[in-house]
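At position 2 of the sequence shown the residue is numbered 2 (this note's numbering), and the sequence of numbers has no breaks.
All residues carry an ideal CB built from backbone N, CA and C; glycine is no exception.
Below is one structure; the comments refer to it alone.
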Amino acid sequence: MVDPSSGEISNAVIVEQIEVDETHFVKVFTAGIRAAFNLTLTGSKVFQAMLEAYQNQPMTGGFADSIYLHFFDGGLDGKKLDISERTYRRGLIELLENGFLYPRGENLFWVNPNMFFRGNIATFMKVYRKKSSS
């Protein structure tokens, strides 16, 4: 951002765009969400599994507003997670407490469209501001 009266630059933005395959995209997106919301490793792992399940949900009007999640036989909707059901529940509670999901029915959850989407671009930003000397 440039102040037009003084020409002083007050804000610098550096952007690096990286193209990745779908699997890596989900992992990078999950890592960004984990950092932004201070998720535990459990919450992050459950979120990644839910995000993958969300990708297979039927869409209506360009998006899926809810997700059906069934944990059985050590996996979510038939996909192995290598975590116990108790650990899965802990991660699920963490995601509920952080507003990622909202209960809609048994094993059915409304999803926060800011966390679950089928887009192909994700941007994570941190803004660093120097402390004033006063």
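Original post:
Does the separation of the CB atoms of residue 79 and residue 31 fall below 8 Å?
Top reply: No; because the gap between Cβ atoms is not below 8 Å, this pair is not in contact.
**OP:** Measure the CB-CB distance between residue 85 and residue 71 and report whether it falls below 8 Å.
**Re:** Residue 85 places its beta carbon less than 8 Å from that of residue 71.
Subject >> Any 3 or more C-beta pairs closer than 8 Å across the stretch 40–59 and the stretch 10–21 >> reply: Too few Cβ pairs lie closer than 8 Å, so no.
**OP:** Buried or exposed for residue 39, please, with buried defined as at least 16 other CB atoms from any protein chain shown within 10 angstroms of its CB.
**Re:** Buried is the label assigned to residue 39, since at least 16 other Cβ atoms lie within 10 Å of its Cβ.
Original post:
Between residue 73 and residue 54, what straight-line distance do the alpha-carbon atoms span, to the nearest angstrom?
Top reply: Between residue 73 and residue 54, the C-alpha separation is close to 19 Å.
**OP:** Measuring alpha carbon to alpha carbon, tell me which of 67, 77 and 129 ends up nearest residue 113.
**Re:** For residue 113, the nearest C-alpha among the options comes from 67.
Subject >> Beta-bridge partners of residue 67, as assigned by DSSP >> reply: Answer by DSSP bridge pairing, in chain order: 109.
Subject >> Local conformation of residue 101 per DSSP, three classes >> reply: Reduced to three states, the DSSP call for residue 101 is strand.
Original post:
residue 45: buried (16+ other C-beta within 10 angstroms of its C-beta) or exposed?
Top reply: Residue environment: residue 45 is assigned as buried (16 or more neighbouring CB atoms within 10 Å of its CB, all protein chains considered).
Subject >> Separation of residue 42 from residue 110, as counted between CA atoms >> reply: Their backbone Cα atoms lie some 20 Å apart in a straight line.
Subject >> Identity of the residue in 104, 11, 94 and 77 nearest residue 37 by Cα >> reply: Residue 37 has its Cα closest to that of 94, out of 104, 11, 94 and 77.
Original post:
Could you give the residue range of the alpha helix (DSSP H) that holds residue 27?
Top reply: Element bounds for residue 27: 22–37.
Original post:
For residue 73, is the beta carbon positioned less than 7 Å from some heavy atom of the ligand MN?
Top reply: The ligand MN is absent from the structure shown, which contains no ligands of any kind.
Subject >> N-terminal and C-terminal residue of the alpha helix (DSSP H) that residue 51 is part of >> reply: From DSSP, the alpha helix (DSSP H) with residue 51 extends over 41–54.
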